[in-house]
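Asker: Mapping the sequence shown onto the numbering used here, position 352 (from 1) lands on 458, and the numbers just tick up by one.
Built from N, CA and C at the ideal position, the CB exists for glycine as well.
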Amino acid sequence: MIQIGEILKQVPFFRSLGRDSIDFITEKLKFKQYKNGTPICKIGDPGDKMWIVLSGKVAVSAANGEVLAQIGQGNYFGEMALLTGEPRSATVSAADDTETFILDKDDFDIILEKYPSISIAMSKIMSQRLRETNAVVSEKAKELKSQAPAGPSGSLRDKHITEVLAFCEANSLTGALEVSNAGQTAVIEFEKGVLQTIKFGTLGEDEAMDTLMGWEDGTFVVKPRLIALDGLSSGGSTEAPKQESKKTGSILVINHSMVVRKVLEKNLSSLGHTVKTADGITDGIGALRTVKPNVIISDFKYDEISGYDFCMQIRETANYLDIPFIFITDSSTDSAVVNQLKSVSNSAVVDAQDVSHIANTIEKMLP
């Protein structure tokens, strides 16, 4: 099991998990080999399993036989249909002698429920997958347009708007997200994964976003301008734990990403916390003049200064001499930066993917 665990650690969305978590997942996996050229799944097949490539590589093909992408060791495929329940929208064949682990849908659902951070990590990995696919498809976009599947779409009953926004941001979407409910439609424009505008009748952007966050019903469709996507990979579980928090307090979230702010605001508010958000240092300092937070959740860096220096400046103020800080990092954060943040007293360093960890850390920090 140790050897298998080391292999699983190469899979990006399992990297942040501990030994016990890896062992739990390993017990759910089935090993299978495919000879070069062997079909693994075909368009129209049931979406009841996903594969992790241990060695070799596979080719992903459209209906006309065009190879859209190749997936190699340490990556995965089949998760999109597994998440949405839709039939396979692409054909996958072994492009070399290939070894895989197979994860069935029932076991996949159990793992996502136990470790919700995995689904968020999956959406980030899809960003790289999308860029690789785009390099192949963009030159023939017009030819494939009539044959390619429609962009991701679904119901807000199954996917909250925060999950759909996270997918668009993580996959560097250039295009539009259309969200509809009761005859009303909002159009959210993205450029390389960055939200540009929100058009929703006469509402301003903040008011429009707040309205969309409250929708529990309706539909959405993602409309990329370059290529069509064949599934929603964000998985959807960006939710904090369902149990009620034993302690609640006032939380200030300072983060440049609107999606991160909205996801944290939604989940922490559902646990009974009072949440104020700001998109940078200037707004964050302004918020400190109107609210007295019990905990500050901060980016690890800003355009002006580092997260460390920002914390030191705030703690020079009499009212905030030892206010708890939670620094949000990601897998690309330099180890020296992480070590500096960990040296700060009464603070924690948490991966942005792990909403559950953030919620638990807040509870421990509250008086």
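I need the straight-line Cα distance from Glu284 to Thr396, nearest angstrom please.
Answerer: In a straight line, the C-alpha of Glu284 is about 35 Å away from that of Thr396.
Asker: Pair every Cβ in the stretch 130-139 with every Cβ in the stretch 167-178, then say whether three or more of these pairs are closer than 8 Å.
Answerer: No, they do not touch.
Asker: Using 8 Å for Cβ pairs, my map puts Ile149 next to Arg194. What's the rounded Cβ distance?
Answerer: 6 Å
Asker: Below 8 Å on the Cβ atoms is my contact criterion, and I expect Tyr414 with Val450 to pass it. Report the Cβ-Cβ distance as a whole number of Å.
Answerer: A Cβ-Cβ separation of about 7 Å places Tyr414 in contact with Val450 under the 8 Å criterion.
Asker: Could you compute how far the alpha carbon of His362 sits from the alpha carbon of Gly143?
Answerer: The C-alpha of His362 lies about 46 Å from the C-alpha of Gly143.
Asker: Look at the Cβ atom of Phe406, then the Cβ atom of Ile387, and state whether they are nearer than 8 Å.
Answerer: Not in contact: Phe406 and Ile387 (Cβ atoms no closer than 8 Å).
Asker: So, are the CB atoms of Thr435 and Asp409 less than 8 Å apart?
Answerer: Not closer than 8 Å, so no.
Asker: Between the beta-carbon of Val164 and the beta-carbon of Ser259, is there less than 8 Å?
Answerer: The criterion of a C-beta distance shorter than 8 Å is not satisfied by Val164 and Ser259.
Asker: Using a 10 Å radius around the Cβ and a threshold of 16 neighbouring Cβ atoms, would you call Asn400 buried or exposed?
Answerer: buried
Asker: So, under 8 Å CB-CB, Gly162 and Ala200 are touching, yes? Tell me the CB distance rounded to an integer number of Å.
Answerer: 6 Å
Asker: Which stretch, first to last residue, makes up the beta strand (DSSP E) that contains Phe137?
Answerer: Run containing Phe137: 136-140, per the beta strand (DSSP E) assignment.
Asker: Would DSSP call Thr439 helix, strand or coil?
Answerer: coil
Asker: From this set, Ser412, Thr132, Gly180, which residue's C-alpha is nearest Leu209's C-alpha?
Answerer: Comparing Cα-Cα distances from Leu209 to each of Ser412, Thr132, Gly180, the minimum goes to Thr132.
Asker: Determine whether the beta carbon atoms of Trp321 and Asn287 lie at a separation below 8 Å.
Answerer: yes
Asker: Between Val443 and Ile403, what straight-line distance do the alpha-carbon atoms span, to the nearest angstrom?
Answerer: Linking Val443 to Ile403 through their CA atoms gives a straight-line distance of about 16 Å.
Asker: Could you tell me how far apart the beta carbons of Leu160 and Glu205 are, in whole angstroms, since I believe they sit closer than 8 Å?
Answerer: 4 Å
Asker: Under the three-state reduction of DSSP, which class applies to Ala334: helix, strand or coil?
Answerer: For Ala334, the pLDDT reaches just 39, beneath the cut-off of 50, and the residue's location in the model is therefore unreliable, leaving the point undetermined.
Asker: What's the C-alpha gap between Ile391 and Leu447?
Answerer: 20 Å
Asker: With the cut-off set at 8 Å, would you say Ser122 and Ser223 are in Cβ contact?
Answerer: yes
Asker: Going by Cα to Cα distance, which pick from Val300, Ser438, Leu370 is closest to Val461?
Answerer: Leu370
Asker: Quick one: Cα of Pro473 to Cα of Ala393, how far?
Answerer: When rounded, the distance between both Cα atoms is 21 Å.
Asker: Can you tell me which of the three DSSP states Lys372 falls into?
Answerer: Lys372: helix per DSSP, three-state reduction.
Asker: Using a Cβ-Cβ cut-off of 6 Å (strictly less than) and excluding sequence neighbours within five positions of Thr303, which residues of its own chain qualify?
Answerer: Glu295
Asker: With DSSP as the reference, label Ser351 as helix, strand or coil.
Answerer: Confidence at Ser351 is low in this model, with a pLDDT of 43, below 50, so the placement of that residue should be treated as unreliable; the coordinate-derived value is given next. Of the three classes helix, strand and coil, the one that applies to Ser351 here is coil, per DSSP.
Asker: Do you know whose CA, among Asn452, Tyr426, Asn425, Thr423, lies nearest Phe433's CA?
Answerer: Measuring from the Cα of Phe433, the nearest candidate turns out to be Asn452.
Asker: Verify whether the separation of the beta carbon atoms of Asp154 and Lys115 is less than 8 Å.
Answerer: no
Asker: On the criterion of 16 or more Cβ atoms from any shown chain inside 10 Å, does Thr423 qualify as buried, or is it exposed?
Answerer: exposed
Asker: Look up Gly178 in the DSSP assignment and give the residues it is bridged to.
Answerer: Lys163
Asker: Taking buried to mean at least 16 other C-beta atoms within 10 Å of its own C-beta, is Arg367 buried or exposed?
Answerer: With a threshold of 16 other beta carbon atoms within 10 Å, Arg367 meets it and is buried.
Asker: Are there 16 or more other CB atoms within 10 angstroms of the CB of Met418, so buried, or fewer, so exposed?
Answerer: exposed
Asker: Work out the CA separation of Gly281 and Glu297 for me, nearest whole Å.
Answerer: Rounded to the nearest whole angstrom, the CA to CA distance from Glu297 to Gly281 is 7 Å.
Asker: So, with DSSP's three-state summary, where would you put Lys407?
Answerer: strand
Asker: Buried or exposed: His275, going by 16 or more other Cβ atoms within 10 Å of its Cβ?
Answerer: Going by the sequence as given, residue 275 is Glu instead of His. By the 10 Å Cβ count, Glu275 comes out buried.
Asker: Under DSSP, the beta strand (DSSP E) around Ile304 begins and ends at which residues?
Answerer: 300-305
Asker: Going along the chain, which residues of its own chain have a beta-carbon closer than 8 Å to the beta-carbon of Ile217, five neighbours each way excluded?
Answerer: Phe130, Ile131, Lys134, Leu209, Ile224
Asker: Taking a contact to mean a Cβ-Cβ separation below 8 Å, would you say Gly180 touches Cys147 in this structure?
Answerer: The answer is no: Cβ separation not under 8 Å.
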